[in-house]
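First the structure, in the form of structure tokens, and then the observations on it.
Residue numbers (the working numbering): 6 to 308.
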């Protein structure tokens with residue numbers, strides 16, 4: 006499956022970076038595709054190929070009401086001729102929020118599960134019942150992370166034409182981070198920025214994904230767990246101000262769940278002299294900008 010577009014490197018220039026003698030690039034994975042952007046395209050690429058190989062005509066997956074993954078699967082189904090089914094955590098609400106409206110506009114069938122039932126989605130009996138009910142469906146996990154997704158994410162750094170000391174990436178389920186670490190094969194340093202409070206659990210999850218993918222263990226990576234701003238999809242005034250200032254200066258939109266927190270963390274670490282002078286950092290913009298409309302609707306904030 007051909008990559009939709011290039012993901013260019015964009016040099017970020019600021020006084021702070023000059024003072025600390027740090028070179029910072031943002032890899033614009035958000036520009037890969039207008040609807041299937043960033044790491045969602047990377048995660049879906051080989052899964053879509055496998056679904057075609059298995060002659061499945063439907064993509065079935067799970068997610069929250071504002072899920073980037075739900076939006077991306079719906080858009081991928083429309084573009085690559087799959088029916089799509091999304092099981093959404095929580096009760097239905099009308100009118101639909103911007104994410105679910107986008108998914109429905111792409112043809113996704115939306116089914117709602119109360120939170121108790123949703124937590125059972127990994128149970129064998131629940132899965133078996135779905136497989137009986139939807140025999141033509143290719144199942145994608147919540148967030149899209151499986152070994153084929155890790156394989157796709159190994160390609161994030163394949164077209165970086167410069168030497169660098171650090172790769173920085175936000176982390177939700179850890180699949181993108183695992184792919185990046187595996188692809189580097191011990192070279193450079195990788196910093197992961199969990200979006201969830203208590204993100205230390207990702208250390209084991211990421212290591213397990215890598216072990217399953219290529220049987221290796223690496224020690225050139227670490228998690229920075231102090232930049233969750235209260236938890237998943239939670240924001241605070243300092244994060245909002247940072248994102249607004251970044252956009253005003255660099256004309257690049259961030260989103261507050263992943264990339265905003267990661268870049269806030271990078272800037273804070275630069276202030277603390279975490280990086281040695283002369284270091285080159287590549288930060289991955291993993292997309293997710295479709296979620297901005299939902300934040301604007303809920304919070305009345307323009308990022």
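A virtual CB, placed ideally from N, CA and C, is assigned to each residue, including glycine. All values reported here derive from a predicted model rather than from experimental measurement.
Closer than 7 Å: residue i CB and nearest the ligand MN heavy atom
i	result
residue 119	Judged by which ligands are present, the structure shown has none, so any question about the ligand MN falls away.
Exposure of residue i, with buried meaning 16 or more beta-carbon neighbours within 10 Å
i	result
residue 235	exposed
residue 290	buried
residue 120	exposed
residue 260	buried
residue 303	exposed
Within 8 Å, strictly: CB atoms of residue i and residue j
i	j	result
residue 189	residue 162	yes
residue 252	residue 258	yes
residue 147	residue 68	yes
residue 64	residue 56	yes
residue 200	residue 176	yes
Helix, strand or coil at residue i according to DSSP, with G and I counted as helix
i	result
residue 238	coil
residue 214	helix
residue 221	coil
residue 252	helix
residue 142	strand
residue 301	helix
residue 150	coil
residue 194	strand
residue 281	coil
residue 37	coil
Distance, residue j Cα to residue i Cα
i	j	result
residue 113	residue 80	9 Å
residue 78	residue 282	42 Å
residue 198	residue 141	37 Å
residue 242	residue 154	34 Å
residue 25	residue 286	12 Å
residue 32	residue 167	12 Å
residue 14	residue 165	7 Å
residue 277	residue 174	19 Å
residue 42	residue 36	6 Å
Could you give the uninterrupted runs of the beta strand (DSSP E) lying entirely in the segment 84 to 137, keeping only those of 3 residues or more? With a minimum length of 3 residues, the continuous beta strand (DSSP E) runs that stay inside the segment 84 to 137 are 88 to 94 and 114 to 118.
Threshold first: 4 residues or longer. Then list the alpha helix (DSSP H) segments lying entirely within the segment 40 to 69, N to C. Runs found: 43 to 58.
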